[in-house]
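To start, the structure itself, in structure tokens.
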Amino acid sequence: MRKTINILVSLIMVAGLVSCNGGDKKGNKSKGGLATNAAEKVYVAPGEHDEFYAFISGGFSGQLSVYGLPSGRLFKVIPVFSQDAEKAWGYNEETKPMLETSFGFVPWDDSHHPDISQTNGELDGRWVFINGNNTPRIARVDLTTFETAEIIEVPNSAGNHSSSFITENTEYVVAGTRFSVPIPQRDLPIKDYKGNFKGALSFISVDPETGRMAIKFQLMMPGFDYDLSHPGRDKSHGWFFFTTYNTEEANTLLEVNASQNDKDFIAAVNWKKIEEYVNNGGGTKVPAKYAHNVYSDETHTATSTMMNEVLTVNPLDVPGAVYFLPTPKSPHGCDVDPTGEYIVGNGKLSADLTVHSFTKMLDAIENKKFDGEAYGIPILKFEDVLAGTVKQPGLGPLHTEFDGKGNAYTTFFISSEVVKWKVGTWEVVDRQPAYYSVGHGMIPGGNSRKPFGKYFVSMNKITKDRYLPTGPEVTQSAQLYNISGDKMELLLDFPTIGEPHYAAGIPAEIVAKNSKQLFKLSENKHPYATISDGDARVERKGNEVHIYMTMIRSHFNPDNIEGIKVGDKVYFHVTNHEQDYDVPHGISMIGANTSELLIMPGQTETFVWEPKQPGVWPFYCTDFCSALHQEMQGYVRVSPASSGTELKWSLGED
Amino acid sequence: MKKAGIIMIIGSLLLLGLFKFPLWNIMLGAPQYPDPLGMDIYIQGIKGVQEFDIQNIDGLNHYIGMKTIPEPADMWEFQVFPMVIGIMVAIGVIIGLLGFFGKVSYKWFLGWFVLMSVLGIMGMYDFNSWLAEYGSDLDPKAIMKLLNPDGTPMTYKPPLIGYQKMLNFDVDSWPATGAYMMFVGMMLTIVAFLVGKKEYKKLEKKTSFKTVTT
Chain A
1405 MRKTINILVS LIMVAGLVSC NGGDKKGNKS KGGLATNAAE KVYVAPGEHD
1455 EFYAFISGGF SGQLSVYGLP SGRLFKVIPV FSQDAEKAWG YNEETKPMLE
1505 TSFGFVPWDD SHHPDISQTN GELDGRWVFI NGNNTPRIAR VDLTTFETAE
1555 IIEVPNSAGN HSSSFITENT EYVVAGTRFS VPIPQRDLPI KDYKGNFKGA
1605 LSFISVDPET GRMAIKFQLM MPGFDYDLSH PGRDKSHGWF FFTTYNTEEA
1655 NTLLEVNASQ NDKDFIAAVN WKKIEEYVNN GGGTKVPAKY AHNVYSDETH
1705 TATSTMMNEV LTVNPLDVPG AVYFLPTPKS PHGCDVDPTG EYIVGNGKLS
1755 ADLTVHSFTK MLDAIENKKF DGEAYGIPIL KFEDVLAGTV KQPGLGPLHT
1805 EFDGKGNAYT TFFISSEVVK WKVGTWEVVD RQPAYYSVGH GMIPGGNSRK
1855 PFGKYFVSMN KITKDRYLPT GPEVTQSAQL YNISGDKMEL LLDFPTIGEP
1905 HYAAGIPAEI VAKNSKQLFK LSENKHPYAT ISDGDARVER KGNEVHIYMT
1955 MIRSHFNPDN IEGIKVGDKV YFHVTNHEQD YDVPHGISMI GANTSELLIM
2005 PGQTETFVWE PKQPGVWPFY CTDFCSALHQ EMQGYVRVSP ASSGTELKWS
2055 LGED
Chain B
813 MKKAGIIMII GSLLLLGLFK FPLWNIMLGA PQYPDPLGMD IYIQGIKGVQ
863 EFDIQNIDGL NHYIGMKTIP EPADMWEFQV FPMVIGIMVA IGVIIGLLGF
913 FGKVSYKWFL GWFVLMSVLG IMGMYDFNSW LAEYGSDLDP KAIMKLLNPD
963 GTPMTYKPPL IGYQKMLNFD VDSWPATGAY MMFVGMMLTI VAFLVGKKEY
1013 KKLEKKTSFK TVTT
């Protein structure tokens, strides 16, 4: 009964706030962008470039989109965890291995938290890491090609949500489990959750040269839900902070049963200490199946390797490595300010924002100011780690980013607003409505030691009436605020792909100069590449036919192929011979049960075609490449399985 | 004639720049090529300004039936030009040295300049006729056969020097570093001639003065 009343009360509060905002909103709407010079501030003239890249996750689209700021223009959707027929990602023979997992081929995921690689706590713009939530995976996107270079599955994890945040020299990309699960997985009554389930926090090392990922260790924590995380910065470098909810360890109706404890925890993990323990032979190797998929820009091909074991660490075996910081009401975002001193717990069911002090935390640890323990892990006294509270800033705080000028910006889901407050004095200095129900916010570099505090992007969960309607499913949307002055100013609404869950922004000048224009044909090591035109050919191996084909403006070589039979499995290995910027070619075959190929200059890709009936079947270039694009076509003659048609191929012969 | 000899030597040595730097540069910009394609013409052959420019120019030229840009082995000029320049440098240095030691007259410097100018003009004429041939000897099976307004077949000779609009391309053809070094070098040989003349006159005066006093 009491619960019901509580829920009712908060609903009334929400309704009140929304109606309060209503008046505000109307005022803003009638004025529009023209009342201010907002339009001028987001206008990037034709041919001019944006100041920032924003890598915005696609949420349930499974991809990562690339936008320009301040214009909000979409440049590219980088396929990561979901098949993309446009780019043949997960359809061609080369990239299918990228989507392999211990569960087999998984063509989709839910991509959440992009984070850009750092050196000394500053964005270096080499890679973007992003997590797949549903079938736990971490991907690394290479920012010279803007393509997914690597995907590693995370075993013993479920709902890979407190991921993929990176330490300040990109030593680790960290992935925490949202759902605790039995480890190892086994048949168990669900009601036996409490005490039997574990939460794995995975520390994945990143090779400083190649970026190659490997699971260094998994910390086996009590069976809570590990919601979000952030690394320590500067003075707190070496620590990692994870918010938890469901410290009640409920296994049903969590919306109520996991909202009972007055305080949940932020888990503070001294990863340097655990790293040392592991380097000295600590930890237990346990069997665990997980896929490690790597794409090579030399062979233009991915390989998938199934791994068999992982190193686990029991936190109780490394004294002084893990502590719990009590934090009110199911904290969601866990954000560390650029100095590394303040750890913000965004207690989503709390009316206040709780900020912990790193210095006080160390002091509390040293002086053993404990308030009991949970599963043997010391709980620090709330009052002894608390730096301050932002009082009554709004409803439903989710995430906080920093501008590097001493201000923090917190998003409020329920009251649908962005609130600016001062770090240290905890006073609210400004608030702006968001349309509607903002989740994450992003300032370029806003979770690093060096934020670029010019713009704030709010990523909204609800759009309703903000754009022309498109049926029951309306566009997803983000909003851009100018935060260079004392007051925030809403500049722009822009549509996004999927759910714009979180984003990472970076000054364009750091990244643009490294962007590749083409792949050198002379460096193509694809096993089925056709480097010189003279090597274009067709080979038969039993039922398999391999076509070694080249493409250049505006023809395929060969473009007439005979001797293919019904029942053959025909591999088109196509190499783009262009060595010119922005001249990709595509190819597809009538009736092919797969996507087209979209092949960049110097690259080789492969699709499979299984002809089902005799005839003469055309293929053509699918990317408008040149003035003679329409002429870029060819034929394959398919004969009955029993026929003796000789295998032959040609180009330009009458 | 010490000073004049040194200037003559320096002047002729500047021609060696042609072995390192391009003589001429042709740039081809178009709406699709905001970053223009370009070729640098050296006395030993033609190179792309960027790694793949030659390949891409050939790729575009095949639409209008132009031949591919010649390899060094395809044109006698790329064997003969370096030899001619090498020989002219050697002669220039030798004349300069002889002038320095007073063994030859300053008039030889002018002679070298005249010879080099004649060779240069011949080279330019040859280059221009190659451009003309390259731009008009088109494949009869060319993909695009365009006509001028007067009905004659369109040809594609790039300008010898200056700017010209050709179809969608803005073509710029200008001398490059090597040519400027050659120009400065040749001007220095004229200076050597003038300085030599002055030095000779001074010497003449001195000798006649000496004769008078003795």
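These protein sequences, in sequence, are chains A and B.
Its first residue numbered 1405, the first sequence is counted upward by one per residue in my numbering.
Its first residue numbered 813, the second sequence is counted upward by one per residue in my numbering.
The beta carbon of each residue, even a glycine, is placed where N, CA and C say it ideally should be.
Out of A:Glu1575, A:Asp1513 and A:Thr1523, state which residue places its alpha-carbon closest to the alpha-carbon of A:Ala1562.
One-based indexing of the first sequence puts residue 1562 of chain A at position 158. Among A:Glu1575, A:Asp1513 and A:Thr1523, the Cα nearest to that of A:Ala1562 belongs to A:Asp1513.
Separation of A:Asn1560 from A:Asn1600, as counted between CA atoms
As a working mapping, residue 1600 of chain A is identified with position 196 in the first sequence. As a working mapping, residue 1560 of chain A is identified with position 156 in the first sequence. Distance between the alpha carbons of A:Asn1600 and A:Asn1560: 14 Å.
Could you tell me the boundaries of the beta strand (DSSP E) in which A:Ile1910 lies?
In the first sequence, residue 1910 of chain A corresponds to position 506, counting from 1. Element bounds for A:Ile1910: Ala1907 to Pro1911.
Work out the CA separation of A:Glu2035 and A:Ser1708 for me, nearest whole Å.
To locate residue 1708 of chain A, count along the first sequence from 1; it is residue 304. To locate residue 2035 of chain A, count along the first sequence from 1; it is residue 631. The straight-line gap separating the alpha-carbon atoms of A:Ser1708 and A:Glu2035 is approximately 38 Å.
Cα separation between B:Tyr937 and A:Asp1488?
Within the second sequence, the letter at position 125 stands for residue 937 of chain B. Within the first sequence, the letter at position 84 stands for residue 1488 of chain A. Rounded to whole angstroms, B:Tyr937 to A:Asp1488 spans 58 Å at the Cα level.
For A:Val1885, report the span of its beta strand (DSSP E) as first-last.
By 1-based counting over the first sequence, the position of residue 1885 of chain A is 481. Note that residue 1885 of chain A is Tyr in the sequence shown here, rather than Val. Gln1880 to Asn1886 is the span of the beta strand (DSSP E), which, as asked, contains A:Tyr1885.
Give the straight-line distance between the Cα atoms of A:Lys1689 and A:Gln1589, rounded to the nearest whole angstrom.
Looking up residue 1689 of chain A in the first sequence gives position 285. Looking up residue 1589 of chain A in the first sequence gives position 185. Distance from the CA of A:Lys1689 to the CA of A:Gln1589, rounded to the nearest whole angstrom, comes to 16 Å.
Return the chain-ordered list of same chain residues with a C-beta closer than 8 Å to the C-beta of A:Val1833, the five sequence neighbours on each side being excluded.
Indexing the first sequence from 1 puts residue 1833 of chain A at position 429. Within the same chain, A:Val1833 has close Cβ partners Asn1811, Lys1824, Trp1825, Lys1826 and Asp1890.
Please tell me whether A:Gln2037 has its Cβ less than 7 Å away from any Cβ of chain C.
Absent here is chain C; the protein component of the structure consists of chains A and B.
Anything in the region 855-871 of chain B with a Cβ closer than 8 Å to a Cβ of chain A? List those residues in chain order, please.
Near chain A, meaning a CB-to-CB distance below 8 Å, the residues of the region 855-871 of chain B are Glu863, Phe864, Gln867, Asn868 and Gly871.
Nearest to B:Lys879 by alpha carbon, out of B:Gly850, B:Phe1005 and B:Asp949?
Within the second sequence, residue 879 of chain B is the residue found at index 67, counting from 1. Residue B:Asp949 is the option with its Cα nearest to B:Lys879.
One question on the structure: do A:Glu2000 and A:Thr1705 come within less than 7 Å of each other, judged by their Cβ atoms?
Residue 2000 of chain A sits at position 596 when you count from the first residue of the first sequence. Residue 1705 of chain A sits at position 301 when you count from the first residue of the first sequence. By the CB criterion at 7 Å, A:Glu2000 and A:Thr1705 fall outside the cutoff.
Contact list for B:Tyr875 against chain A, beta-carbon separation under 8 Å:
Working through the second sequence from its first residue, we reach residue 875 of chain B at position 63. Those within 8 Å of B:Tyr875 in chain A are Ala2031 and Leu2032.
Rounded to whole angstroms, what is the Cα-Cα separation between A:Met1417 and A:Lys1752?
The count along the first sequence starts at 1 and reaches residue 1417 of chain A at position 13. The count along the first sequence starts at 1 and reaches residue 1752 of chain A at position 348. In this prediction, A:Met1417 scores a pLDDT of 48, lower than 50, which makes its location untrustworthy; no coordinate-derived value is stated.
For B:Pro987, list the residues DSSP reports as bridge partners.
For this step, residue 987 of chain B is matched to residue 175 along the second sequence. Looking at the DSSP output, B:Pro987 bridges to B:Trp836.
Quick check: the region 1445-1460 of chain A against the region 1496-1510 of chain A, are there 3 or more CB pairs under 8 Å?
Touching, no.
With DSSP as the reference, identify every bridge partner of A:Tyr1576, one or two as the case may be.
The count along the first sequence starts at 1 and reaches residue 1576 of chain A at position 172. Paired residues: A:Ser1609.
Exposed or buried, which one is B:Met813 when buried takes at least 16 other CB atoms within 10 Å?
Position 1 of the second sequence, counted from the first residue, corresponds to residue 813 of chain B. Looking at its Cβ environment, which holds 16 or more other Cβ atoms inside 10 Å, B:Met813 is buried.
Reducing DSSP to helix, strand and coil, say where A:Ser1640 ends up.
Here residue 1640 of chain A refers to the residue found at position 236 of the first sequence. Correct three-state label for A:Ser1640: helix.
Name the chain B residues whose beta carbon is nearer than 7 Å to that of A:Gln2007?
Walking along the first sequence from the start, residue 2007 of chain A turns up at place 603. From the beta-carbon of A:Gln2007, no residue of chain B is found nearer than 7 Å; the closest lies around 15 Å away.
Contact between the region 1910-1925 of chain A and the region 2003-2022 of chain A is defined here as three or more beta-carbon pairs at a separation below 8 Å; is this criterion met?
Yes: at least three Cβ pairs fall under 8 Å.
At least one CB of chain B closer than 7 Å to the CB of A:Gln1983: is that the case?
Within the first sequence, numbered from 1, the residue matching residue 1983 of chain A stands at position 579. A:Gln1983 counts as touching chain B.
Please compile the residues from chain B whose C-beta is within a distance smaller than 9 Å of the C-beta of A:Arg1957.
As a working mapping, residue 1957 of chain A is identified with position 553 in the first sequence. Within 9 Å of the CB of A:Arg1957, the CB atoms of chain B belong to Gly871, Leu872, His874 and Tyr875, in sequence order along the chain.
Using the three-state DSSP reduction, which class does A:Lys1445 fall into: helix, strand or coil?
Position 41 of the first sequence, counted from the first residue, corresponds to residue 1445 of chain A. Here A:Lys1445 sits in helix by DSSP.
DSSP state of B:Thr1019 mapped onto helix, strand, coil:
The residue you call residue 1019 of chain B lines up with position 207 of the second sequence. Correct three-state label for B:Thr1019: helix.
Taking B:Ile955 as the query, report the chain A residues whose CB atoms sit under 8 Å from its CB, ordered along the chain.
Here residue 955 of chain B corresponds to residue number 143 of the second sequence, with the count starting at 1. Within 8 Å Cβ-Cβ: Leu2032.
Contact check, A:Val1532 vs A:Ile1619, beta carbons under 7 Å:
Translated into the one-based positions of the first sequence, residue 1532 of chain A becomes position 128. Translated into the one-based positions of the first sequence, residue 1619 of chain A becomes position 215. No.
Under a Cβ-count criterion, where at least 16 other Cβ atoms within 10 Å of its own Cβ denotes burial, should A:Ser2020 be classed as buried or exposed?
Sequence index remark: in the first sequence, residue 2020 of chain A carries index 616 (1-based). First, the amino acid is wrong: residue 2020 of chain A is Val here, not Ser. Exposed, by the Cβ-count rule.
Sequence-distant residues of the same chain with beta carbon closer than 6 Å to A:Thr1571, five excluded per side:
Taking the first residue of the first sequence as 1, we reach residue 1571 of chain A at position 167. So the list reads Pro1635, once near-sequence residues are dropped.
From this set, B:Pro843, B:Pro961, B:Pro884 and B:Thr1001, which residue's C-alpha is nearest B:Lys859's C-alpha?
The count along the second sequence starts at 1 and reaches residue 859 of chain B at position 47. Considering only alpha carbons, the answer is B:Pro884.
Within the continuous alpha helix (DSSP H) that includes A:Ala2045, where are the two ends?
As a working mapping, residue 2045 of chain A is identified with position 641 in the first sequence. Looking at the DSSP string, A:Ala2045 is not in any alpha helix (DSSP H), and its letter there is neither H nor E.
For a quick check, are the C-beta atoms of A:Phe1621 and A:Thr1651 less than 7 Å apart?
What you label residue 1621 of chain A is simply residue 217 of the first sequence in a count that begins at 1. What you label residue 1651 of chain A is simply residue 247 of the first sequence in a count that begins at 1. Taking C-beta atoms as the reference points, A:Phe1621 and A:Thr1651 fail to come closer than 7 Å.
Helix, strand or coil at A:Asn2104 [DSSP, three-state]:
Nothing can be reported for residue 2104 of chain A: it is not among the residues displayed for chain A, which extend from 1405 to 2058.
Spatial distance of B:Gly857 from B:Ile876 (CA atoms)
To locate residue 857 of chain B, count along the second sequence from 1; it is residue 45. To locate residue 876 of chain B, count along the second sequence from 1; it is residue 64. Approximately 23 Å between the Cα atoms of the pair.
So is A:Asn1918 buried or exposed if we call it buried at 16+ other beta carbons inside 10 Å?
For the purposes of this step, residue 1918 of chain A is taken as residue 514 along the first sequence, with counting starting at 1. Classification for A:Asn1918: exposed.
Excluding the 5 residues flanking B:Tyr1012 on each side, which residues of the same chain have their C-beta closer than 7 Å to its C-beta?
In the second sequence, counting from the first residue as 1, residue 1012 of chain B sits at position 200. Contacts found: Met813 and Tyr918.
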